[in-house]
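Report on one structure; see the data block that follows.
2 protein chains.
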Amino acid sequence: MYQEIQLDRKGEQPLYIQLYRQLKGMIEKGVLKEYQKLPPIRQLAKILDVNNVTVVNAYKLLEKEGLVLKKVGSGTYVAPFDHKVDQKGIFVDEEIQLMNQGQMPLKQNVISFATATPDADLFPIQDVKKAINHVLDRDGGEAFGYQESMGYKPLREAFYQYLLKKNISCQIGNIQVVSGAQQGIDILAKGLLNYGDVVFTEEPTYPGAISAFKLRGAKVVSIPIRENGIDLEILKAKLAEYQPKFLYIMTAFQNPTGYTYSRETKEKLLEISSEWGLTIVEDDCLSDLYFTEKPIKPLRAMKGAEEVIYIKSFSKIFLPGFRIAFIVIPDQFIGRMMAAKHTSDISSSGLIQRTFDLLLRNGLWEKHIEGMRQIYFEKYKYFVKLLAQYLPSQVKYRVPEGGLNFWLALPDGYSSNRLYKKCLSNGVIFVPGSVFYPDRQPNQFFRLSIAAVEEEEMLKGIQILSQVIRDFLSEESNDEYLAFTPLM
Amino acid sequence: MYQEIQLDRKGEQPLYIQLYRQLKGMIEKGVLKEYQKLPPIRQLAKILDVNNVTVVNAYKLLEKEGLVLKKVGSGTYVAPFDHKVDQKGIFVDEEIQLMNQGQMPLKQNVISFATATPDADLFPIQDVKKAINHVLDRDGGEAFGYQESMGYKPLREAFYQYLLKKNISCQIGNIQVVSGAQQGIDILAKGLLNYGDVVFTEEPTYPGAISAFKLRGAKVVSIPIRENGIDLEILKAKLAEYQPKFLYIMTAFQNPTGYTYSRETKEKLLEISSEWGLTIVEDDCLSDLYFTEKPIKPLRAMKGAEEVIYIKSFSKIFLPGFRIAFIVIPDQFIGRMMAAKHTSDISSSGLIQRTFDLLLRNGLWEKHIEGMRQIYFEKYKYFVKLLAQYLPSQVKYRVPEGGLNFWLALPDGYSSNRLYKKCLSNGVIFVPGSVFYPDRQPNQFFRLSIAAVEEEEMLKGIQILSQVIRDFLSEESNDEYLAFTPLM
Numbered sequence: 001m002y003q004e005i006q007l008d009r010k011g012e013q014p015l016y017i018q019l020y021r022q023l024k025g026m027i028e029k030g031v032l033k034e035y036q037k038l039p040p041i042r043q044l045a046k047i048l049d050v051n052n053v054t055v056v057n058a059y060k061l062l063e064k065e066g067l068v069l070k071k072v073g074s075g076t077y078v079a080p081f082d083h084k085v086d087q088k089g090i091f092v093d094e095e096i097q098l099m100n101q102g103q104m105p106l107k108q109n110v111i112s113f114a115t116a117t118p119d120a121d122l123f124p125i126q127d128v129k130k131a132i133n134h135v136l137d138r139d140g141g142e143a144f145g146y147q148e149s150m151g152y153k154p155l156r157e158a159f160y161q162y163l164l165k166k167n168i169s170c171q172i173g174n175i176q177v178v179s180g181a182q183q184g185i186d187i188l189a190k191g192l193l194n195y196g197d198v199v200f201t202e203e204p205t206y207p208g209a210i211s212a213f214k215l216r217g218a219k220v221v222s223i224p225i226r227e228n229g230i231d232l233e234i235l236k237a238k239l240a241e242y243q244p245k246f247l248y249i250m251t252a253f254q255n256p257t258g259y260t261y262s263r264e265t266k267e268k269l270l271e272i273s274s275e276w277g278l279t280i281v282e283d284d285c286l287s288d289l290y291f292t293e294k295p296i297k298p299l300r301a302m303k304g305a306e307e308v309i310y311i312k313s314f315s316k317i318f319l320p321g322f323r324i325a326f327i328v329i330p331d332q333f334i335g336r337m338m339a340a341k342h343t344s345d346i347s348s349s350g351l352i353q354r355t356f357d358l359l360l361r362n363g364l365w366e367k368h369i370e371g372m373r374q375i376y377f378e379k380y381k382y383f384v385k386l387l388a389q390y391l392p393s394q395v396k397y398r399v400p401e402g403g404l405n406f407w408l409a410l411p412d413g414y415s416s417n418r419l420y421k422k423c424l425s426n427g428v429i430f431v432p433g434s435v436f437y438p439d440r441q442p443n444q445f446f447r448l449s450i451a452a453v454e455e456e457e458m459l460k461g462i463q464i465l466s467q468v469i470r471d472f473l474s475e476e477s478n479d480e481y482l483a484f485t486p487l488m
Numbered sequence: 001m002y003q004e005i006q007l008d009r010k011g012e013q014p015l016y017i018q019l020y021r022q023l024k025g026m027i028e029k030g031v032l033k034e035y036q037k038l039p040p041i042r043q044l045a046k047i048l049d050v051n052n053v054t055v056v057n058a059y060k061l062l063e064k065e066g067l068v069l070k071k072v073g074s075g076t077y078v079a080p081f082d083h084k085v086d087q088k089g090i091f092v093d094e095e096i097q098l099m100n101q102g103q104m105p106l107k108q109n110v111i112s113f114a115t116a117t118p119d120a121d122l123f124p125i126q127d128v129k130k131a132i133n134h135v136l137d138r139d140g141g142e143a144f145g146y147q148e149s150m151g152y153k154p155l156r157e158a159f160y161q162y163l164l165k166k167n168i169s170c171q172i173g174n175i176q177v178v179s180g181a182q183q184g185i186d187i188l189a190k191g192l193l194n195y196g197d198v199v200f201t202e203e204p205t206y207p208g209a210i211s212a213f214k215l216r217g218a219k220v221v222s223i224p225i226r227e228n229g230i231d232l233e234i235l236k237a238k239l240a241e242y243q244p245k246f247l248y249i250m251t252a253f254q255n256p257t258g259y260t261y262s263r264e265t266k267e268k269l270l271e272i273s274s275e276w277g278l279t280i281v282e283d284d285c286l287s288d289l290y291f292t293e294k295p296i297k298p299l300r301a302m303k304g305a306e307e308v309i310y311i312k313s314f315s316k317i318f319l320p321g322f323r324i325a326f327i328v329i330p331d332q333f334i335g336r337m338m339a340a341k342h343t344s345d346i347s348s349s350g351l352i353q354r355t356f357d358l359l360l361r362n363g364l365w366e367k368h369i370e371g372m373r374q375i376y377f378e379k380y381k382y383f384v385k386l387l388a389q390y391l392p393s394q395v396k397y398r399v400p401e402g403g404l405n406f407w408l409a410l411p412d413g414y415s416s417n418r419l420y421k422k423c424l425s426n427g428v429i430f431v432p433g434s435v436f437y438p439d440r441q442p443n444q445f446f447r448l449s450i451a452a453v454e455e456e457e458m459l460k461g462i463q464i465l466s467q468v469i470r471d472f473l474s475e476e477s478n479d480e481y482l483a484f485t486p487l488m
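Protein chains in written order, with UniProt numbering: chain A, 1 to 488; chain B, 1 to 488.
And the structure:
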């Protein structure tokens, strides 16, 4: 097959580029298959009657593009394809699928504790429909034009009022509308990070944030989260070692653990932030869904937290497909963040912004959130009861004070990825813990979400899950190997 | 003022970090002003009673963050602030403003040849309203849930049908829905570019693309566009010098020049692409607005163009605020692009996608485009007449065959940025050419857009513009200096 490579010795293109292009073509067309070994350099040089260095340079280019892998002492191999393994090792198909399961309700015959988005039936369709029609009648074509890049002004004013109720003070000029929290995180990465910068996150954390930071070329250093918030001692140790551009955290009903920062942790964190000049990014997507007597106070609402970057989204409890969130940005970052937003998609949909504005102003949003809190409080209480009743005692967890997620731990050495596969074949799914760690290694944790399961399904799902776990623990413990090696 | 710096000699933090944090604070609070000189190293070390190396290290950190600038042989100065000058030198406030003018209709008392977005009144409000209500009644809460990251399936099928009419063949699995062309370009940058990669563009080109590539850390190499398309000789010369990840082009009514690639240029470009393994990205936002007898054929519709990445947006002629576009992605890039889209905003608004789907299926979209073509053909003919009648003959331009933009040139050595300021004070605006070049240097070109001016305004605007240009050319030519130096 290599004999068929045609090199034009009188052409404008250097020979090594010609060779590189042709090999690339053979790889992309599948003539050379994944993991296939390329000929040794001297051999190919001989076949083609070129210098060794021509082949070396062509292979180098292929390697640089991620098309081949060099194994020391073994040779050069065709890399697995793009659509299976990303060059940067961030995504594989399976993980996208898991993430999609976390965000999209499944319609198959599966009980999903993976989905973190409420049932579509709970959304206030009629109210939204009225609001959209009102906007269209009121604004006409304006509703379809571009908006200012920072967002539709009245909506930003409405967000400003919403923040005042939460005891968060800022100027309207500090509020940037974005197309959902994921975009907020993404423009943060774009605006604040350069290639090679360090970012601190909680461990475990939201995988969409890890991806956004890594895709920006940043190094993600993760710091364990405890039941009362991030581990401050480890944070300080890491601060002595690295100079992070910022620390990304969720202080209320953290995703995936459900943990909430104590007042003390928040106060100490602000001290550390001021002492070390550490920029904090607070992602608040669930604090409205508290099951305690009083609402949880965001970090940004505390004294001395004026420099905290605050991302507020509503997707988890109000119209995820609307794609609206906002960020409170301290003055010094506004220019960069505006540029990053403009480069990302110019502006968020005008019609959607105007509709959201109306829903906030006429109180429908608050009414809906209050309703959601009632509905999910009932679900939550029932779920807590089921876990206590059915789960094998070897599985450990802490009951969260709000939100939609429960974080559970198998005994040491058992892999939740393996458990996932067993559960899947029994018609129950959840999200394995590996997804929430920067290194994506299998571990003993997993997340159950109550967002999209009816009470009847909940009972059946927990019964199945409990039985599968029991079988899993007893089967695996027969394997002596287990006692020494964590399962993959 | 430096005497007030407090260093904790027994603290956990190294002294240089403490010093760095405090200086940073002084800069951010404005205690140290833009362009203010910091004390020489020895002097500050003496004041604070620390080693010289402590100050050196603190200054180095400040410099790395872009907070100070070091001028060799002169000292260290506070850098201009973030919200005025981006660290990477991509954006300044003024340019964002110019770009916003290109995208948002101005409501002030100004005749805007800058705005490239049609008047809101031209959008088919009633049809869209009906479609939205139909979708809400039909889909209920589903319309507000997350969509698949690649897009709402029926919409992708509708786009597939739309492509067939344009003679573009692909699989539905190759179609990725995005929130407008800008997001398409942005996820292209994210999915395909790594830090330090090279991208080829036309020169001049769309500034939103330059920004997206630069913000990704890529080097932008631009190749002049001629009246019949990109300069192929220069392209080949650059290909011998660089290995670009892709070439970004607009083949129909290019922004800003209005130029259209000839059939011959397109064929030769495809040959070059195949010979050099050059990936081509075609951005098609205006080809539907042709004023010739037959539509313009996109590059992607030609034989042998199956590997071209094709971005299709509708914003310029159909509901810009809708934020919907799509990309046709060759197989080998799908995985990376999907990951990039997911990381950017998970999915585009479900309600908007469903509404767009309906409008495409019931033919309202085609009806609207046909109407827009009629309206703009009339405007275009009138504008061509006005330019011929009023403009001083020293101003050169070529009449485009479609689209919304005209590209004009002042005589050599005259700066359109200076002309812009004079026109602004006379109530007429346009976009100066500098915005469309990667180096952003002032030049003799400028773009006039007919998107948002009524015929009456057009007449008045061109009369004013022509008079201002006449005055400008005669004033400036009195300055002998001009004959030798291009104006800035």
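Don't be surprised by glycine CBs; every beta carbon is placed ideally from N, CA and C. For clarity, every value in this text was computed on a predicted model and none was experimentally measured.
Cut-off 7 Å between Cβ atoms - residues of its own chain near residue i, not counting five sequence neighbours on either side
i: Lys312(A); result: Asp284, Ala325 and Phe326
i: Ser449(B); result: Phe113, Ala114, Thr115, Ala116, Leu404 and Asn405
i: Ile329(B); result: Asn174, Gln176, Ile309 and Met337
i: Gln13(B); result: none
i: Asn478(B); result: Caution applies to Asn478(B), whose pLDDT of 48 falls short of 50 and renders its modelled position unreliable; the value that the coordinates give is listed next. Nothing meets the Cβ criterion.
i: Val56(B); result: Ile41
Beta-carbon contacts of residue i that lie in its chain and below 6 Å, excluding the five residues immediately before and after
i: Gly304(B); result: Leu270
i: Pro124(B); result: His368
i: Glu307(A); result: Pro330
i: Ala212(A); result: Ile185, Asp186 and Ala189
i: residue 496(B); result: Residue 496(B) cannot be examined here, being either before or after the span of chain B that is shown, 1 to 488.
i: Arg156(B); result: Ile172 and Ile175
Proximity below 8 Å, CB of residue i to CB of residue j
i: Val220(B); j: Pro438(B); result: yes
i: Lys368(B); j: Phe333(B); result: It should be noted that the sequence gives His, not Lys, for residue 368(B). Cβ atoms of His368(B) and Phe333(B): not closer than 8 Å.
i: residue 537(B); j: Ala181(B); result: Here chain B comprises residues numbered 1 to 488, so residue 537(B) is not present and cannot be evaluated.
i: Lys202(A); j: Ser222(A); result: The sequence as given places Glu at residue 202(A); Lys does not occur at that position. Yes, Cβ-Cβ distance for Glu202(A) and Ser222(A) is below 8 Å.
i: Leu383(B); j: Ile352(B); result: The sequence shown places Phe at residue 383(B), not Leu. No, Cβ-Cβ distance for Phe383(B) and Ile352(B) is not below 8 Å.
i: Tyr206(A); j: Asn228(A); result: no
i: Arg354(A); j: Asp137(A); result: no
i: Lys379(B); j: Glu275(B); result: no
i: Ile172(A); j: Ala301(A); result: no
i: Tyr35(B); j: Val78(B); result: yes
beta-carbon residue i near the ligand NAP non-hydrogen atom, thresh 7 Å
i: Phe291(A); result: By its list of ligands, the structure shown contains no ligand whatsoever, and the ligand NAP lies outside what it can speak to.
Cβ distance (whole Å) where residue i is taken to contact residue j below 8 Å
i: Gln441(B); j: Ser434(B); result: 6 Å
i: Pro118(A); j: Ala451(A); result: 5 Å
i: Phe472(A); j: Lys422(A); result: 6 Å
i: Val281(B); j: Pro244(B); result: Not confirmed; about 11 Å, so no contact.
i: Ser344(A); j: Ser344(B); result: 7 Å
i: Tyr290(B); j: Gly371(B); result: Not quite, the Cβ-Cβ distance comes to about 15 Å (not below 8 Å), so this is no contact.
Sequence-distant residues of the same chain with beta carbon closer than 8 Å to residue i, five excluded per side
i: Leu145(A); result: Per the sequence shown, the amino acid found at residue 145(A) is Gly instead of Leu. Within the same chain, Gly145(A) has close Cβ partners Gly350.
Which residues, in chain order, does the region 208-238 of chain B contribute to contact with chain A at a C-beta distance below 8 Å? Gly208, Ser211, Ala212, Leu215, Gly217 and Lys236
For the pair the region 31-39 of chain B and the region 256-267 of chain A, tell me if three or more CB-CB distances fall below 8 Å. no
Anything in the region 398-412 of chain A with a Cβ closer than 7 Å to a Cβ of chain B? List those residues in chain order, please. none
Quick one: any contact between the region 370-390 of chain B and the region 453-473 of chain B, if contact means 3 or more CB pairs under 8 Å? yes
In chain order, what residues of the region 175-203 of chain A put their CB closer than 7 Å to some CB of chain B? Ser179, Gly180, Gln182, Gln183, Asp186, Lys190 and Tyr195
Residues of the region 249-272 of chain A in Cβ contact with chain B at a cutoff of 7 Å, in chain order, please. none
Under 8 Å, with one C-beta from each stretch per pair, do the region 14-24 of chain A and the region 57-64 of chain A reach the 3-pair mark? yes
What are the residues of the region 309-323 of chain A that lie near chain B, defined by any Cβ-Cβ distance shorter than 7 Å? Leu319, Pro320, Gly321, Phe322 and Arg323
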